[in-house]
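Visitor: Could you have a look at this structure, given as structure tokens, before my questions?
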Amino acid sequence: MDDVEAVVLVGGKGTRLRPLTLSAPKPMLPTAGVPFLAHLLSRIRAAGVRRVVLGTSYLAETFSAYFGDGAALGLELRYVVEDQPLGTGGGIRNVAEHLTAADVLVFNGDVLCGTDLGAVVGTHRRTAADVTLHLVRVQDPRAYGCVPTDADGRVLDFLEKTDDPPTDQINAGCYVFRRSVIDTIPQGRPVSVERETFPGLLAAGARVSGHVDNAYWRDMGTPADLIHGSADLVRGVAPSAALPGPTGEVMLLEGAKIAEGALVFGGTTVGRGVQIGAGARIEGAMLFDGAAVDEGAIIEHAVIGAGARVGQGASVVDTVVGDRAVVGAQCELRGGLRLWPDVILPPHGVRFSPDV
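All letters in the sequence shown, in the order written, are residues 645 to 1000 by this note's numbering.
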């Protein structure tokens, strides 16, 4: 794989993950103790690829500030900034001048996946494809790009979010492009590979192959998926070589303290300097650096932002609490609620239960 280069598209604003992405791009959100992108880069490195080009835009400087030239990861990283949003196809075309390999792996920067990257490239080369798509099977393909293939693995169609999908195979956000195909993508304007590039290649008779497997796969675009994916990484369900500690029920980072009698489990990440009080119960949650959880609080499948505080006896379930926000004692937050950064809820300020 040293003759393969990789492109990772990380230019999106991550609007579905707000307020978490107000201060960091989606691929830089702490996930199982490190930025999410670190997990993907570790898998690219493990596959034998050495050179990666990052297509950035939103808060572009945060990527280079953290990863630098990539030497610490055993990679050579190059950063290319989009001046305007160009979509998936436009983003790939925008980095073309920095590519030299004949085959290029392309990744959406918000997908957590355990596929064998060498096998995907192998399918691409064995079938002499112009483009190869990694496909996964899901129970409900209606929310994704649906990709039927024939018995030889040739892609027959590309149906973006159809209500009556003919197959359970979906676009998994990982592709292998023949370098020459990238040069045919229009330059300087937004282009969608899903709606324009792939259908155009099929119409022109190009060989578009599908590599189908049952590897771990999750789109990390929503808070619920981010939380679930992080927990899977902590518990070792999703593979990564970038974890800062051993897998298990909890990932405890430097300076974090859990009081006696607190229960923390379910793939929870406890960030640097986090303080958890006695009797607290935390399941499958993400506690960012500097957060505090007071005595008796309950946190389930939630994100507690950096420097945020959850007061005594509060209940935070399926909720995102923004950076430095305060959830007052005995408050109850649930059902997808999002608390913006620096908001302060007084004790008993938000309740679902009638008792106080």
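Here a beta-carbon is modelled for each residue, glycine too, at the ideal position from N, C-alpha and C.
What residue does the alpha helix (DSSP H) around Phe-1001 start on, and which one ends it?
Guide: Nothing about residue 1001 can be read from this structure; the chain reaches only from 645 to 1000.
Visitor: Kindly indicate which three-state DSSP category Phe-932 falls into: helix, strand or coil?
Guide: On the sequence shown, position 288 is the one that residue 932 refers to. Coil, per DSSP.
Visitor: Specify the secondary structure class of Ser-884 as computed by DSSP and reduced to three states.
Guide: Along the sequence shown, one-based indexing puts residue 884 at 240. Coil.
Visitor: Could you name the residues of the same chain whose beta carbon sits closer than 7 Å to that of Gly-731, not counting the 5 residues immediately before and after it, in chain order?
Guide: Numbered from its first residue, the sequence shown carries residue 731 at position 87. Excluding positions up to five away in sequence, the list reads Pro-834, Val-835, Ser-836.
Visitor: Name the residue from Ala-941, Ile-926, Pro-669 whose alpha carbon lies nearest to the alpha carbon of Leu-653.
Guide: Residue 653 sits at position 9 when you count from the first residue of the sequence shown. Considering only alpha carbons, the answer is Pro-669.
Visitor: Helix or strand or just coil, what does DSSP make of Pro-674?
Guide: Start at 1 with the first residue of the sequence shown, and residue 674 comes out as number 30. It is a strand residue.
Visitor: If you draw a straight line from the alpha carbon of Glu-741 to that of Asp-863, how long is it in whole angstroms?
Guide: As a first step, residue 741 must be located in the sequence shown, where it is residue number 97. As a first step, residue 863 must be located in the sequence shown, where it is residue number 219. If you take the alpha carbons of Glu-741 and Asp-863, they lie about 29 Å apart.
Visitor: Gly-733: which of Val-961, His-768, Pro-843 sits nearest, CA to CA?
Guide: Here the question's residue 733 lines up with position 89 in the sequence shown. Ranking the options by Cα distance to Gly-733, first place goes to Pro-843.
Visitor: Any contact between the stretch 903-922 and the stretch 887-894? By contact I mean 3 or more CB pairs, one from each, below 8 Å.
Guide: yes
Visitor: State the Cα-Cα distance for the pair Ile-826 and Glu-904, rounded to the nearest angstrom.
Guide: Walking along the sequence shown from the start, residue 826 turns up at place 182. Walking along the sequence shown from the start, residue 904 turns up at place 260. So the alpha carbons of these two residues sit roughly 57 Å apart.
Visitor: Closer than 6 Å by C-beta to Ala-859: which residues in its own chain qualify, once you throw out the five before and the five after it? Chain order, please.
Guide: Looking up residue 859 in the sequence shown gives position 215. Around Ala-859: Gly-758, Thr-759.
Visitor: So the candidates are Gly-854, Asp-812, Thr-767, Ala-772; which of them puts its Cα closest to the Cα of Leu-800?
Guide: Mapped onto the sequence shown, residue 800 falls at position 156. Checked all of Gly-854, Asp-812, Thr-767, Ala-772; the closest Cα to Leu-800 is Gly-854.
Visitor: Would the beta-carbon of Pro-679 fall within 8 Å of that of Met-672?
Guide: For the purposes of this step, residue 679 is identified with residue 35 of the sequence shown, where counting begins at 1. For the purposes of this step, residue 672 is identified with residue 28 of the sequence shown, where counting begins at 1. Taking 8 Å as the Cβ cut-off, Pro-679 and Met-672 qualify as a contacting pair.
Visitor: Between the alpha carbons of Phe-751 and Gly-656, how many angstroms are there, rounded?
Guide: Start at 1 with the first residue of the sequence shown, and residue 751 comes out as number 107. Start at 1 with the first residue of the sequence shown, and residue 656 comes out as number 12. Phe-751 and Gly-656: Cα-Cα distance of roughly 13 Å.
Visitor: Report yes if the C-beta distance between Gly-949 and Ala-935 is below 8 Å; otherwise report no.
Guide: Locating residue 949 in the sequence shown gives position 305, where the first residue counts as 1. Locating residue 935 in the sequence shown gives position 291, where the first residue counts as 1. Yes, the pair counts as a contact, with Cβ atoms nearer than the cut-off.
Visitor: Does Ser-708 come out as helix, strand or coil in the three-state DSSP assignment?
Guide: Here residue 708 refers to the residue found at position 64 when the sequence shown is read from its first residue. Helix, per DSSP.
Visitor: I need the DSSP call for Pro-830, collapsed to helix, strand or coil.
Guide: Translated into positions along the sequence shown, residue 830 becomes position 186. Pro-830: coil per DSSP, three-state reduction.
Visitor: Could you check the C-alpha separation between Ala-816 and Leu-666 for me, to the nearest Å?
Guide: The residue you call residue 816 lines up with position 172 of the sequence shown. The residue you call residue 666 lines up with position 22 of the sequence shown. Rounded to the nearest angstrom, the two C-alpha atoms are 26 Å apart.
Visitor: Quick check: the Cα distance between Asp-933 and Arg-851, rounded to an integer number of angstroms?
Guide: Your numbering for residue 933 matches position 289 in the sequence shown. Your numbering for residue 851 matches position 207 in the sequence shown. A straight-line Cα-Cα distance of about 48 Å links Asp-933 and Arg-851.
Visitor: State yes or no: is the C-beta of Val-971 within less than 8 Å of the C-beta of Val-964?
Guide: Taking the sequence shown and counting its residues from 1, one reaches residue 971 at position 327. Taking the sequence shown and counting its residues from 1, one reaches residue 964 at position 320. No; because the gap between Cβ atoms is not below 8 Å, this pair is not in contact.
Visitor: Roughly how far, in whole angstroms, is the beta-carbon of Glu-944 from the beta-carbon of Gly-921, given that I think they are within contact range, below 8 Å?
Guide: The residue given as residue 944 occupies position 300 in the sequence shown. The residue given as residue 921 occupies position 277 in the sequence shown. About 16 Å; that fails the 8 Å criterion.
Visitor: Could you tell me the alpha carbon to alpha carbon distance between Glu-804 and Leu-761, rounded to whole angstroms?
Guide: As a working mapping, residue 804 is identified with position 160 in the sequence shown. As a working mapping, residue 761 is identified with position 117 in the sequence shown. The alpha-carbon atoms of Glu-804 and Leu-761 are separated by roughly 24 Å.
Visitor: Considering only the beta carbon of each residue, do Arg-823 and Val-748 sit closer than 8 Å?
Guide: One-based indexing of the sequence shown puts residue 823 at position 179. One-based indexing of the sequence shown puts residue 748 at position 104. Going by C-beta atoms, Arg-823 is nearer than 8 Å to Val-748.
Visitor: Can you have a look at Gln-974 and say buried or exposed, based on whether 16 or more other CB atoms are within 10 angstroms of its CB?
Guide: Here residue 974 is taken as the residue at index 330 of the sequence shown, counted from 1. Looking at its Cβ environment, which holds 16 or more other Cβ atoms inside 10 Å, Gln-974 is buried.
Visitor: Can you say whether Thr-744 is buried or exposed, counting buried as having 16 or more other CB atoms within 10 angstroms of its CB?
Guide: Sequence index remark: in the sequence shown, residue 744 carries index 100 (1-based). Label assigned to Thr-744: exposed.
Visitor: Answer with buried or exposed for Tyr-819, where buried requires no fewer than 16 other C-beta atoms within 10 angstroms of its C-beta.
Guide: In the sequence shown, counting from the first residue as 1, residue 819 sits at position 175. When all chains shown are included, Tyr-819 counts as buried.
Visitor: Express the C-alpha separation of Ala-906 and Pro-991 in angstroms, rounding to a whole number.
Guide: Stepping through the sequence shown from its first residue, residue 991 is reached at position 347. Stepping through the sequence shown from its first residue, residue 906 is reached at position 262. Between Pro-991 and Ala-906, the C-alpha separation is close to 21 Å.
Visitor: Determine the direct distance from the alpha carbon of Ala-941 to that of Arg-737, and round the result to whole angstroms.
Guide: Along the sequence shown, one-based indexing puts residue 737 at 93. Along the sequence shown, one-based indexing puts residue 941 at 297. Looking at the two C-alpha atoms, the distance is approximately 49 Å.
Visitor: May I ask you to report which of helix, strand or coil DSSP gives His-992?
Guide: What you label residue 992 is simply residue 348 of the sequence shown in a count that begins at 1. Of the three classes helix, strand and coil, the one that applies to His-992 here is coil, per DSSP.
Visitor: Tell me where the beta strand (DSSP E) around Thr-913 begins and ends.
Guide: Walking along the sequence shown from the start, residue 913 turns up at place 269. Where Thr-913 is concerned, the enclosing beta strand (DSSP E) stretches over 912-914.
Visitor: Which same chain residues, not among the five before or five after Tyr-710, have their C-beta less than 8 Å away from its C-beta?
Guide: In the sequence shown, counting from the first residue as 1, residue 710 sits at position 66. Met-672, Pro-679, listed in sequence order.
Visitor: Considering Cα atoms alone, identify which of Arg-660, Pro-998, Arg-689, Asp-647 is closest to Gly-865.
Guide: If you number the sequence shown from 1, residue 865 lands on position 221. Residue Arg-660 holds the alpha-carbon nearest to the alpha-carbon of Gly-865 among Arg-660, Pro-998, Arg-689, Asp-647.
Visitor: Is DSSP giving Ser-959 helix, strand or coil here?
Guide: As a first step, residue 959 must be located in the sequence shown, where it is residue number 315. Strand.
Visitor: Rounded to whole angstroms, what's the CA-CA distance from Arg-633 to Arg-916? Just pull it up for me.
Guide: It is not possible to answer for residue 633, since the shown part of the chain is limited to 645 through 1000.
Visitor: Tell me the DSSP secondary structure of Phe-802 in three-state form.
Guide: Translated into positions along the sequence shown, residue 802 becomes position 158. Correct three-state label for Phe-802: coil.
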